[in-house]
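Undergrad: For reference, each letter of the sequence shown is one residue, going 0 to 278 in numbering that gives the first Met the number 0.
The C-beta atom is built at its ideal place from N, Cα and C for all residues, glycine as well.
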Amino acid sequence: MGIGGGKLLDLAKSAGNSLQKEIILIPTLASTCAAWTPLSVIYDDNGSYARYDIHEKSTWMLLIEPRILLNSPINYLRAGIGDTLAKWYEGNALAEKLATKSVCIELAHLAARQCQEVLLTYAEEALADLEKGKWTDALQRVIETNIIISGLGDGFGGQYLRVAGAHSIHNGMTSITQANHLLHGEKVAYGILVQLVLEGKFSEIKQLLPIYQVLKLPMTLLDIGLTVEHKAELQQIATHSVKKGEDIHLLFPDINKEKVAAAMENLEILTNHANPSMD
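1) Between which two residues does the alpha helix (DSSP H) harbouring SER149 extend?
2) Give the DSSP-derived three-state secondary structure of ASP278 in the structure shown.
3) What residue range is occupied by the uninterrupted alpha helix (DSSP H) comprising VAL213?
4) Out of GLY199, ILE247, LEU250, which has the shortest C-alpha to C-alpha gap to LEU269?
5) How about the stretch 17-27 and the stretch 56-64: do they share at least three Cβ pairs that are nearer than 8 Å?
6) Under three-state DSSP, which class holds ALA182?
7) For ARG112 and TRP87, I'd like the C-alpha separation in whole angstroms.
8) Could you give the uninterrupted runs of the alpha helix (DSSP H) lying entirely in the stretch 88-132, keeping only those of 4 residues or more?
9) State the DSSP-derived secondary structure class of ASP246, mapped to helix, strand or coil.
10) DSSP has LEU38 in a bridge; who is on the other side?
11) Out of ASP44, THR31, LEU8, which has the shortest C-alpha to C-alpha gap to THR173?
12) Exposed or buried, what is GLU232 when buried is set at 16 or more other beta-carbons lying within 10 Å of its beta-carbon?
Structure representation (structure tokens):
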């Protein structure tokens with residue numbers, strides 16, 4: 000049994016699968032889909048992303064106790080919203096590349112769409128309700144989306160719809176100390192915007208930026224502890240983001256560190272409303 004946040008639940012899944020035991024998980028935070036998705040993210044001793052392990056079996060039992068989550072810190076719910084938004088922006092981009100889709104892939108695609116629709120509709124209200132200590136329909140919808148619907152998409156989508164550019168940018172960000180103040184989902188949220196720049200989807204960025212401002216999700220280099228003058232750190236993020244085996248290659252087979260670094264700098268221009276392509 001594992002009771003805790005994402006890292007602890009990932010550890011419990013790794014232990015359970017290694018011992019071939021059934022796993023019961025009780026999340027104390029709604030910051031990721033770790034309680035449901037059949038994988039564990041592994042970090043090195045310095046806190047940098049190393050890999051993720053896919054498990055043969057998913058969680059045997061997931062228990063969500065509203066009284067626990069109602070007392071969780073608001074920044075973790077915010078991070079969960081950022082992480083879960085990526086289910087659509089990564090999953091849809093990958094789905095567009097598939098010539099055919101199985102029923103399971105179609106279900107995962109629908110789950111990803113549901114994640115986006117619920118969060119864009121209810122996230123602001125849910126954060127306000129959690130801050131007031133009120134269990135409401137909006138808060139329940141967002142929590143269930145962050146944990147259950149998000150994990151459902153991972154389970155049925157597997158490698159075809161799981162993660163892509165946004166999570167690879169997150170992985171790169173774990174290599175710099177300046178971004179240590181950000182939670183997993185906050186880094187992923189920034190990664191969504193970088194991925195959209197790489198895709199050339201500027202209209203979607205324009206749609207998201209006001210939402211990011213309201214939800215207080217990171218959207219600028221300053222938000223992640225950098226400026227455009229931190230060339231070495233930007234190169235470090237970019238280099239780690241495109242390492243061999245990173246899922247960004249599923250979306251952009253010819254990606255390189257120069258393109259990622261340029262995308263981050265271009266995003267900085269967009270977030271400062273200085274690019275006419277956003278009009």
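TA: To lay it out plainly:
1) The count along the sequence shown starts at 1 and reaches residue 149 at position 150. Where SER149 is concerned, the enclosing alpha helix (DSSP H) stretches over 149-160.
2) As a working note, residue 278 is residue 279 in the sequence shown. Unreliable positioning characterises ASP278 in this predicted model, as indicated by a pLDDT of 42, which lies under 50. The coordinate reading is nonetheless provided below. Looking at ASP278 - three-state DSSP - the assignment turns out to be coil, as it is neither helix nor strand.
3) Walking along the sequence shown from the start, residue 213 turns up at place 214. Boundaries of the alpha helix (DSSP H) harbouring VAL213: 201-214, taken from the DSSP string.
4) For the purposes of this step, residue 269 is identified with residue 270 of the sequence shown, where counting begins at 1. Cα-wise, what sits closest to LEU269 is GLY199.
5) Touching, per the Cβ criterion.
6) Here residue 182 corresponds to residue number 183 of the sequence shown, with the count starting at 1. A small correction: the amino acid at residue 182 is Leu; Ala does not occupy that position in the sequence shown. LEU182: coil per DSSP, three-state reduction.
7) As a first step, residue 112 is located in the sequence shown; it is residue number 113 there, counting from the start. As a first step, residue 87 is located in the sequence shown; it is residue number 88 there, counting from the start. Using only the alpha carbons, I get a separation of about 6 Å.
8) Given a length threshold of 4 residues, each whole run of the alpha helix (DSSP H) inside the stretch 88-132 is given here in chain order: 102-131.
9) On the sequence shown, position 247 is the one that residue 246 refers to. Coil.
10) On the sequence shown, position 39 is the one that residue 38 refers to. For LEU38, which the question treats as bridged, DSSP gives the partners ILE53.
11) By one-based count along the sequence shown, residue 173 stands at place 174. Checked all of ASP44, THR31, LEU8; the closest Cα to THR173 is ASP44.
12) Against the sequence shown, residue 232 aligns to sequence position 233. GLU232 is buried by the Cβ-count criterion.
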